[in-house]
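Visitor:
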Amino acid sequence: MSAMNDLDLQLKEAENQLDQAKDIIQSIRKLLSSNQDGEQRNDEQPKRDPVEDKVTVRKMLAKKSTEGYTAQVKELLHKFGAEKLSDVDPKDYEDLYYSAEGLGQ
1 MSAMNDLDLQ LKEAENQLDQ AKDIIQSIRK LLSSNQDGEQ RNDEQPKRDP VEDKVTVRKM
61 LAKKSTEGYT AQVKELLHKF GAEKLSDVDP KDYEDLYYSA EGLGQ
């Protein structure tokens, strides 16, 4: 009967190890799943359309100009090396937008 008890103990130990392995596998799957979700979120970021950005920047500049900041708007354009918005490098639209947004604050 002692051999049966030893076998039973070994089987219980094997069950415990399998349970631990299952827990580890589930943890790894959760980590991989959350990592894939993060990658998908990064991949799903919309591509910026320079034409839309230009329209948005133009609206902001027009708004600030009508609020009485025409001279400051012209200074901003000069800061970006331009006389008019069409002369501004599209990569600078975001910076120009936020700079204009800050006028009067």
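Numbering (full-length UniProt numbering), first residue to last: 1 to 105.
Ideal Cβ positions, reconstructed from N, Cα and C, are used throughout, including at glycine.
Please list the terminal residues of the continuous alpha helix (DSSP H) segment that includes Tyr98.
Guide: Within the sequence shown, residue 98 is the residue found at index 98, counting from 1. Residues Tyr93 to Glu101.
Visitor: Is there contact here, the stretch 60–79 with the stretch 15–23, by at least three beta-carbon pairs under 8 Å?
Guide: Taking 8 Å as the limit for Cβ pairs, the verdict is that the stretch 15–23 does not touch the stretch 60–79.
Visitor: How is Asp6 classed by DSSP in three states: helix, strand or coil?
Guide: Your numbering for residue 6 matches position 6 in the sequence shown. In this structure, Asp6 counts as helix in the three-state DSSP scheme.
Visitor: What three-state label does DSSP hand Val88 in the structure shown?
Guide: Walking along the sequence shown from the start, residue 88 turns up at place 88. DSSP places Val88 in coil when its eight states are reduced to three.
Visitor: Kindly list the residues whose CB is nearer than 7 Å to the CB of Glu67, restricted to its own chain and excluding five residues on each side of it in sequence; keep chain order.
Guide: Here residue 67 refers to the residue found at position 67 of the sequence shown. So the qualifying residues of the chain are Gly104.
Visitor: Can you have a look at Val73 and say buried or exposed, based on whether 16 or more other CB atoms are within 10 angstroms of its CB?
Guide: For the purposes of this step, residue 73 is taken as residue 73 along the sequence shown, with counting starting at 1. Classification of Val73: buried, given that the 10 Å Cβ count is 16 or more.
Visitor: Do Lys54 and Tyr93 count as a contact pair if the criterion is CB distance below 8 Å?
Guide: As a first step, residue 93 is located in the sequence shown; it is residue number 93 there, counting from the start. As a first step, residue 54 is located in the sequence shown; it is residue number 54 there, counting from the start. Yes, they are a contact pair.
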